[in-house]
Amino acid sequence: MKHKGTKRKDRVANRLNPSGEHSISPARTPSHTYSFNVTATGTGDRYDYEQKYPADEQGEGMATNARVWRVYLDEAGQFDMDMVENFRDTVDVILVFAGLFSAIVSTLVSQTWLALQPDYSQIAAALLMELIAVQRSIAAGTPPDEVAPSSLNLDSSTAVNTDRWINGMFFVSLAVSLSTALLAVLVKQWIQAYVSPISGTPQHQGRVRHFRSMGIEQWHVPLIVGLLPTLLHLSLFLFFVGLIALLSTL
1 MKHKGTKRKD RVANRLNPSG EHSISPARTP SHTYSFNVTA TGTGDRYDYE
51 QKYPADEQGE GMATNARVWR VYLDEAGQFD MDMVENFRDT VDVILVFAGL
101 FSAIVSTLVS QTWLALQPDY SQIAAALLME LIAVQRSIAA GTPPDEVAPS
151 SLNLDSSTAV NTDRWINGMF FVSLAVSLST ALLAVLVKQW IQAYVSPISG
201 TPQHQGRVRH FRSMGIEQWH VPLIVGLLPT LLHLSLFLFF VGLIALLSTL
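Its first residue numbered 1, the sequence shown is counted upward by one per residue in full-length UniProt numbering.
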């Protein structure tokens, strides 16, 4: 029967390699690695700016060519790209639809607004009939005062009010549609000015970009872009109201 000390020695000897040194098992590595990546707004792209841009020298963290300005320009550029693409898609659709819709309303208004003007052909026909009646009375030897005036009523208040109401709907609809197209063109110009290239150092570019972003917010450009479809819907609603009223008079 072996002594307990001998067993301990055997266990220790089993841990020794042939060279007499302890064998150290390799350290376990974790199955998952964690890394911090800056994700650009609106995309799934990951940027490791520590590898993309060299580290700044000591005391140069806020210099004109510091890494912080380059990182800011990259992040802001991605954000601006998403915003501008969204604005352009909305404005392009609005411009096409507003142009076609305005052409349709203009064609209809060019016909309906004639109802607001006197019917000169009927006036001419009435005067001609009355003149013929006067000539006949003179030829018959009767006084012209006995000739009955024309019974044509050129002052129908009901018809005039209806025509004014219908044309009012059409004209307001056309005005709103053209105003929407004008705002869309202005937004296109603002976008073009916003994305124009900026020269200079990264610090200067970052400041100019921030100044432009403040201008976009102060002029409420996102709000205006969001209101463009609402204005176009209002124009369509007014047009359909006027169209229904016009069809009801037929």
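Beta carbons: idealized from backbone N, C-alpha and C, even for Gly.
Nothing here was measured: the structure is a model prediction, and the numbers come from that model.
Work out the CA separation of residue j and residue i for me, nearest whole Å.
i, j, result
"Thr112", "Asp82", "45 Å"
"Leu186", "Arg164", "32 Å"
"Leu174", "His220", "25 Å"
"Thr64", "Arg209", "15 Å"
"Gly168", "Leu238", "9 Å"
"Val84", "Leu236", "27 Å"
"Ala193", "His204", "17 Å"
"Val176", "Asp145", "54 Å"
"Ser110", "Val195", "41 Å"
"Gln135", "Ala126", "14 Å"
"Asp92", "Gln189", "12 Å"
"Gly215", "Ile104", "36 Å"
"Leu246", "Ser121", "23 Å"
"residue 255", "Val96", "Nothing can be reported for residue 255: it is not among the residues displayed for the chain, which extend from 1 to 250."
"Ser106", "Ala124", "29 Å"
"Gly242", "Asp74", "51 Å"
"Val71", "Ile244", "58 Å"
"Arg212", "Thr201", "17 Å"
"Leu114", "Glu130", "25 Å"
"Leu234", "Glu217", "25 Å"
"Leu108", "Phe171", "10 Å"
"Pro149", "Pro143", "14 Å"
"Phe240", "Ile138", "55 Å"
Identify, in the order they occur along the chain, each residue of the same chain with its Cβ nearer than 8 Å to the Cβ of residue i, setting aside the five sequence neighbours on each side.
i, result
"Ile94", "Thr180, Ala181, Ala184, Leu228, Pro229 and Leu232"
"Val160", "Leu116"
"Gly99", "Ala181"
"Ser248", "none"
Could you pull the start and end residues of the alpha helix (DSSP H) that residue i belongs to?
i, result
"residue 335", "In the structure displayed, the chain extends from 1 to 250; residue 335 sits before or after that span and is not available."
"Ile224", "Val221 to Ser248"
"Ile216", "Pro202 to Gln218"
"Trp69", "Arg67 to Thr112"
Got a sec? Which residues, its chain only, sit under 6 Å from residue i by beta carbon, not counting five neighbours each side?
i, result
"Phe87", "Ile191 and Val225"
"Thr90", "Val225"
"Pro222", "none"
"Ile198", "Gln205 and Val208"
"Phe101", "Ser177"
"Ala76", "Arg209"
Near residue i, what residues of its chain come up, given a Cβ to Cβ distance below 7 Å and the 5 sequence neighbours on each side ignored?
i, result
"Ile166", "Thr112, Gly242, Ala245 and Leu246"
"Ala133", "Val147"
"Thr162", "Thr249"
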